[in-house]
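Q: Dropping a structure here in structure tokens format, bear with me for questions.
In mature numbering (1 follows the signal peptide of the UniProt record, and there is no 0), the protein residues as written are -21 to -1, 1 to 267.
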């Protein structure tokens, strides 16, 4: 249940400019619900007319107390009452000490997501996979059946979600939530990157072609982010491509028209995506 502070203070305020003992003076009685104990104490000490919760309930139960008008006063005095309302005390709520950092991990390695909560008190922390709405952990307990996921915590403040041997399916948003009312939460993104690899069954092998014919070499690569593929000669020399002398050709395909013996040699298809290591495949082109 959401914590609330119920503070009741009756404040007598002299609104007339005359002496406070003047007969028939106008007195205003206010019942305050204050969220700050310091403010409550200040007014109580000043006016010496404070209700404790027990006193307030007792007054309300007596026949001389009108719950709409406040405590009954002598004839000639006007009374105004403000009904108490529930006001949440923010100082009693847990609060997140910092955002959950987004994490980037290479597939196959371990990931760690950190959630730091101050003033947790009796509330509980849960980790949730947002895209699948899967509860991973609640307080000290692991809920998911995924054996790669574990939980650790430190001083009831720092809550760590561990994911071993990260896979691409783990990519997505993760939420750390506290069971306040309303719920409080923070989220962080787990990015899983994959180094490039050559898809052998979709990539050309060594080829033998007749001089003067056209030839297309194909190199397919996978990875995340999507790899960039380029071609070059293994010996580093320039070669004739579409009527120009080039050292590198971008793209998954390398098409050479009217092949000559000058095109003969080993070609490298190189795939990279910023995730080390880059990878290459050697394809030998023979011209008859």
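Backbone N, C-alpha and C define an ideal beta-carbon position, used for all residues, glycine too. Just so we're clear, the structure is a prediction, and the values are computed from it rather than from any experiment.
Since residue 232 contacts residue 195 with CB under 8 Å, what's their CB separation in whole angstroms?
A: The Cβ separation is near 6 Å, so the contact holds.
Q: Return helix, strand or coil for residue 11, following the three-state DSSP convention.
A: Note that residue 11 scores a pLDDT of 32, beneath 50, so its modelled location is shaky; the value from the coordinates is reported in the next line. Of the three classes helix, strand and coil, the one that applies to residue 11 here is strand, per DSSP.
Q: With burial defined as no fewer than 16 other Cβ atoms inside 10 Å of the residue's Cβ, what is the status of residue 250: buried or exposed?
A: Buried, since its Cβ has 16 or more Cβ neighbours within 10 Å.
Q: Using three-state DSSP, classify residue 70 as helix, strand or coil.
A: Residue state, collapsed to three classes: helix.
Q: Between the beta-carbon of residue 246 and the beta-carbon of residue 213, is there less than 8 Å?
A: Yes. Within cutoff.
Q: Let me know the secondary structure DSSP gives residue 58 once reduced to three states.
A: Residue confidence for residue 58 is low, a pLDDT of 36 falling below 50, so the modelled location carries little weight and cannot support an answer.
Q: Please report the distance separating the alpha-carbon of residue 141 from that of residue 168.
A: Rounded to the nearest angstrom, the two C-alpha atoms are 14 Å apart.
Q: Just to confirm before moving on: does the CB-CB distance between residue 176 and residue 258 stay below 8 Å?
A: In this structure, residue 258 lies closer than 8 Å to residue 176 by Cβ.
Q: Secondary structure at residue 180, three-state DSSP: helix, strand or coil?
A: Helix.
Q: To the nearest whole angstrom, what separates the beta carbons of residue 104 and residue 118, a pair I think is in contact under 8 Å?
A: Right, the Cβ-Cβ distance comes to about 6 Å (below 8 Å), so this counts as a contact.
Q: What do you get for residue 256, buried or exposed, if any count of 16 or more other CB atoms within 10 angstroms of its CB means buried?
A: Residue 256 should be labelled exposed.
Q: Identify whether residue 205 lies in helix, strand or coil by the three-state DSSP scheme.
A: Here residue 205 sits in coil by DSSP.
Q: Quick one: give me the first and last residue of the beta strand (DSSP E) that residue 97 is part of.
A: Residue 97 -> beta strand (DSSP E) spans 90 to 97.
Q: Report the three-state DSSP secondary structure of residue 189 (helix, strand or coil).
A: Coil at residue 189, not helix or strand.
Q: Taking its Cβ as the centre, do 16 or more other Cβ atoms sit within 10 Å of residue 90, making it buried, or is it exposed?
A: Under this definition residue 90 is a buried residue.
Q: Mind reading off the beta-carbon distance from residue 207 to residue 133? Whole number of angstroms is fine, and I expect it under 8 Å.
A: Not a contact, Cβ separation roughly 42 Å.
Q: Would residue 226 and residue 266 be called neighbours here (beta carbons separated by less than 8 Å)?
A: No. Outside cutoff.
Q: Rounded to a whole number of angstroms, what is the C-alpha to C-alpha distance between residue 12 and residue 163?
A: Annotation note: pLDDT 31 at residue 12 (below 50); position unreliable, no value reported.
Q: Given that a residue counts as buried once 16 or more other Cβ atoms are within 10 Å of its Cβ, and exposed if not, what is residue 263?
A: Flag for residue 263 reads exposed.
Q: Of the choices 138, 187, 181, 174, whose alpha-carbon is the least far from that of residue 97?
A: The residue with the shortest Cα to Cα distance from residue 97 is 138.
Q: If you count every other CB in all the chains shown that lies within 10 Å of the CB of residue 157, and 16 or more means buried, which is it?
A: Looking at its Cβ environment, which holds 16 or more other Cβ atoms inside 10 Å, residue 157 is buried.
Q: Under the DSSP definition of a beta bridge, which residues are partnered with residue 257?
A: In the DSSP output, where bridge partners are listed per residue, residue 257 has none listed.
Q: On the three-state DSSP scale, how would you describe residue 231?
A: DSSP places residue 231 in coil when its eight states are reduced to three.
Q: Check the C-beta distance from residue 145 over to residue 87 and give it rounded, since I have them as a contact under 8 Å.
A: Yes, they are in contact, since the Cβ atoms of residue 145 and residue 87 sit about 7 Å apart, within 8 Å.
Q: Residue 250 lies in the beta strand (DSSP E); which residues open and close that run?
A: Its beta strand (DSSP E) spans residues 244 to 251.
Q: Quick check: the Cα distance between residue 101 and residue 71, rounded to an integer number of angstroms?
A: Taking the straight line from one Cα to the other gives about 10 Å.
Q: What is the DSSP secondary structure of residue 150, counted as helix, strand or coil?
A: Correct three-state label for residue 150: coil.
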